[in-house]
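Peer 1:
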Amino acid sequence: MTESIKPRTGSEGSNGVLKYRRVLLKISGEGLCTPGKSGIDGQQVCRVAEEIKLVVRLGGQVCVVVGGGNIARGSTISKGSPIEETTGHYMGMLATVINALAVQDTLESLGVPTRVQSALAVDNVCERFIRRRAIRHLEKGRVVIFAGGTGNPFVTTDTGAALRCAEVRADVLLKATKVDGVYTADPVTDPTATRIEHLTYNEVIDRRLGVMDVSAIDLCQRSGIPIVVLDLSISGNMCAVVQGAGVGTIIDAGE
Ligand code: UDP
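Sequential numbering of the sequence shown, starting at 4, is according to the working numbering.
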């Protein structure tokens with residue numbers, strides 16, 4: 004197991020103390036595959052891993068929640084099929100384990116120490132989720148990759164991300180998307196769409212902006228965890244956020 008990168012403390016980071024020291028990155032399965040395709044694209048995973056490595060080098064403690072939509076989504080699998088929806092959701096959760104292993108090996112190939120912890124028991128390939136152990140890994144500079152979502156069907160890994168964020172007391176939830184934040188309209192189809200720099204949790208819920216599941220936003224609100232929506236494909240974006248730069252869209256209580 005690779006343990007070569009020794010993270011510096013926040014005060015030793017190149018830009019001084021980090022704004023967010025313990026961060027949770029939520030990446031969807033589509034962030035790990037070729038755009039418009041399914042499965043895993045090693046180069047995409049490598050790009051994600053490089054961004055995580057930059058933050059670890061700055062002294063950030065990083066945990067990652069991976070989605071599984073590039074492989075299986077419960078609601079899709081069960082449609083018009085004898086596979087029960089519940090089974091489909093478990094298949095989706097298992098898909099996140101596959102993605103987590105891809106992220107793990109890629110990070111370790113870059114010299115970043117990791118652990119995978121799963122909400123579903125898959126003891127031959129990873130640890131089970133144990134909150135106190137996860138925190139210990141983070142304190143030791145290991146990137147902890149959370150697989151298996153919440154371990155329960157009918158919800159998504161967004162909710163899993165908010166849950167783990169609250170459990171390990173992360174300072175921020177970084178939601179990686181294809182665009183650099185939340186827009187007034189779809190920037191792909193509407194050239195007049197503009198980026199919104201700041202939103203409150205209530206605005207996201209009331210305006211149905213679809214940033215994350217309502218349950219995930221609600222949990223972040225109750226736990227006081229800010230959410231930053233950012234484009235991970237722009238190199239250095241994640242680093243910029245943890246250092247306090249105004250990248251993407253920040254969602255918080257707005258006080
Ligand atoms: N899933 C689930 N419970 C969870 C997390 C995920 O049942 O706590 C299932 C659900 O079917 C979901 C699939 O796993 O569609 C893949 O997760 P998600 O859709 O969140 O992946 P992403 O869109 O982030 O790639």
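For every residue, glycine included, the Cβ atom is placed at its ideal position computed from N, Cα and C.
Give me, in chain order, the residues of the same chain whose beta-carbon lies closer than 8 Å to that of V231; leave out the 5 immediate sequence neighbours on both sides.
Peer 2: If we look at V231 and ignore the five residues flanking it on each side, its Cβ neighbours are V175, L176, L177, K178, V244, V250, G251, T252, I253, I254.
Peer 1: With 16 other CB atoms within 10 Å as the buried threshold, where does R118 fall?
Peer 2: R118 is buried by the Cβ-count criterion.
Peer 1: Please classify S31 as buried or exposed, where buried requires at least 16 neighbouring CB atoms within 10 angstroms.
Peer 2: Buried.
Peer 1: With 16 other CB atoms within 10 Å as the buried threshold, where does I86 fall?
Peer 2: Exposed is the call here.
Peer 1: Using only the alpha-carbon positions, how far apart do L202 and V182 sit?
Peer 2: Taking the straight line from one Cα to the other gives about 16 Å.
Peer 1: Starting from R135 and walking both ways along the alpha helix (DSSP H), at which residues does that stretch end?
Peer 2: Counting along the chain, the alpha helix (DSSP H) containing R135 begins and ends at 134-142.
Peer 1: With a CB to CB cut of under 6 Å and the five nearest residues on each side skipped, what residues in its chain are close to G239?
Peer 2: Answer for G239: no residue qualifies.
Peer 1: Is the CB-CB distance between G151 and A122 below 8 Å?
Peer 2: A contact, by the Cβ cut-off of 8 Å.
Peer 1: Return the bridge partner residues of H92 from the DSSP annotation.
Peer 2: Paired residues: none, contrary to the question.
Peer 1: Mind reading off the beta-carbon distance from V106 to V48? Whole number of angstroms is fine, and I expect it under 8 Å.
Peer 2: At roughly 6 Å, the Cβ-Cβ gap stays under 8 Å, so V106 and V48 are in contact.
Peer 1: G227 to C36, Cα distance in whole Å?
Peer 2: Distance between the alpha carbons of G227 and C36: 32 Å.
Peer 1: I'd like to check one pair, V146 with L3: are the Cβ atoms closer than 8 Å?
Peer 2: The first residue shown for the chain is 4 and the last is 258, placing residue 3 beyond what the model contains.
Peer 1: Closest by CA to F157, which one among T187, N127, E200, M96?
Peer 2: Checked all of T187, N127, E200, M96; the closest Cα to F157 is M96.
Peer 1: Could you give the distance in angstroms between the alpha-carbon of A137 and the alpha-carbon of D126?
Peer 2: Using only the alpha carbons, I get a separation of about 16 Å.
Peer 1: Can you give the Cα-Cα distance for P10 and K56, rounded to whole angstroms?
Peer 2: Legend: pLDDT at P10 = 43, less than 50; position of this residue unreliable, no value from coordinates given.
Peer 1: Which runs of the beta strand (DSSP E), 3 residues or longer, sit entirely within the region 108-133?
Peer 2: Counting only runs of 3 or more, we get 117-121.
Peer 1: For V100, which of L27, S112, N73, A188 has the nearest alpha-carbon?
Peer 2: Minimum Cα distance to V100 is reached at N73.
Peer 1: Pick out every residue whose C-beta is nearer than 5 Å to a heavy atom of the ligand UDP: which are they, in chain order?
Peer 2: Residues flagged by the Cβ proximity filter: S31, G32, G70, G71, G72, R76, G77, H92, G95, M96, G152, T153, P156, V158, T159, T160, G163.
Peer 1: Report the residue from G45, V59, R167 whose alpha carbon sits nearest the alpha carbon of Y23.
Peer 2: Out of G45, V59, R167, V59 has the C-alpha closest to the C-alpha of Y23.
Peer 1: Quick check: V69 and T160, are their CB atoms within less than 8 Å of each other?
Peer 2: It is a contact, given that the beta carbons lie within the stated cut-off.
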